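Note sheet for the following structure.
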Amino acid sequence: MNPSRRKILRLAAAAAALPALSRRALALDYPVRPVHLIVGFPASGLTDILSRFLAPVLAVRMGQQFIVEDRPGAGTNIATEAVVRSAPDGYTLLMATSSNAINATLYGNLRFNFIRDTTPVASIARTPIVLVVNPSFPAATVPEFIAYAKANPGKINMATAGIGSSLHLAGELFMSMTGVKLVPVHYRVSYVPDLLAGQVQAAFTPMPTTIAQVKAGKLRALAVTLASRSPALPDIPTVAEFVTGYEASVWNGMVAPKNTPPAIIDTLYKGIDAVLADPKITEQFAGVGSVPKSMPPADFRKFIAEDTEKWAKVIRANNIKAE
């Protein structure tokens, strides 16, 4: 090979390596400008609140502002699509929730595949769901609730936050595992006034929504749906103490568009993991009934896949369709 040809090949190889080197350099410098954290729910909802707890602490730790943007609509699908269509550079992230796992099956015409089109960054929190009843309801424990429901099939109204919501599916899972028949009543607005008035008798509800009424004795908590008892209601048993294997929760975690460089994902995960260990964050999360739950990207990916399949079985078995 003549010298000029060798020189041309060396230059070509160097040029081909430049994009990879540039991506690696950018990842090592990340972040150099504000990061946008997209939320698929309205302001003041649980996911928005948790995001706003995290954002300022992450900003201090990582040296750049984290801007929370609420883009509600279509059960989080609007926000999710916006993120999966964004550049995979770490500057547009999604605060994902259990709704994303549910929507993969609930909606048949999504223009994205949540698992395929995102890169998990870190798990962030778990929030228990609580089985509550109106105090006039003739059951004070889960076994009594099940016995009453079996003796009165189709006569217990169960409030939900909408067809296919985490709360609705928590109830459907309970029904399938216990053999009881409850009547889902789907609300577009808050169901709490009707629950307090006794117009609906029961609900699987996020802890932040009704914990004040439970502590005031205006509602009766029968059980929490996590695998272990909640520090916020330590005297309330889990459903699993009576129904082996039952577990349901609202989860939150951060994801990025697919093809986001691994170095950026690693930087974000380490920052989030450190922030979740901060006692101030633990205290803030506890104030809304949530528990910090750190999980590295690979484990979070596995969790999302398993949760997606879990709720897919419930949706298909009950022929649940999005509104």
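Residue numbers are given in the working numbering: position 33 of the sequence shown equals residue 1484, and the series is strictly consecutive. All C-beta atoms, glycine included, are put in the ideal place defined by N, C-alpha and C. Note that this is a predicted model, so its numbers are computed, not measured.
The Cβ atoms of Thr1531 and Gly1491 lie closer than 8 Å to each other. Between the C-alpha atoms of Gly1696 and Leu1719 there is a straight-line separation of about 33 Å. When DSSP states are grouped into helix, strand and coil, Ile1575 belongs to the strand group. The three-state reading of DSSP puts Phe1492 in coil, since its state is none of H, G, I, E or B. When DSSP states are grouped into helix, strand and coil, Lys1744 belongs to the strand group. In the structure shown, the three-state DSSP call for Ser1549 is helix. Contact between the segment 1747-1763 and the segment 1549-1566 is present: 3 or more CB-CB pairs across the two stretches fall below 8 Å. Look at Pro1708 here: in three-state DSSP terms it is strand. Counted as a single uninterrupted DSSP element, the alpha helix (DSSP H) harbouring Ala1663 occupies residues 1658-1666. At least 8 Å separates the beta-carbon of Val1631 from that of Ala1612.
Under the 8 Å Cβ criterion, the segment 1675-1682 does not count as touching the segment 1592-1611, having fewer than three qualifying pairs. About 6 Å separates the Cβ atoms of Asp1521 and Asp1499, confirming a contact at the 8 Å cut-off. Nearest neighbour of Leu1505 by Cα position, chosen from Ala1576, Ala1763, Val1534, Arg1484, turns out to be Ala1576. Taking the Cα positions, Ile1553 is about 11 Å away from Asn1528. Under the DSSP assignment, Ala1533 falls in the alpha helix (DSSP H) whose first and last residues are 1528-1535. Bounds of any alpha helix (DSSP H) do not take in Ile1614, whose DSSP letter is neither H nor E.
With a cut-off of 8 Å on Cβ pairs, the segment 1640-1654 is not in contact with the segment 1540-1551, counting fewer than three such pairs.
Three or more Cβ pairs drawn from the segment 1650-1659 and the segment 1621-1637 lie within less than 8 Å of each other, which places the two stretches in contact. Val1519 is the residue among Leu1509, Pro1507, Val1483, Val1519 whose C-alpha sits nearest the C-alpha of Ile1489. Comparing alpha-carbon positions, the option among Thr1556, Ala1714, Val1701 lying closest to Lys1772 turns out to be Thr1556. In this structure, the straight-line span from the alpha carbon of Val1726 to that of Leu1497 is close to 18 Å.
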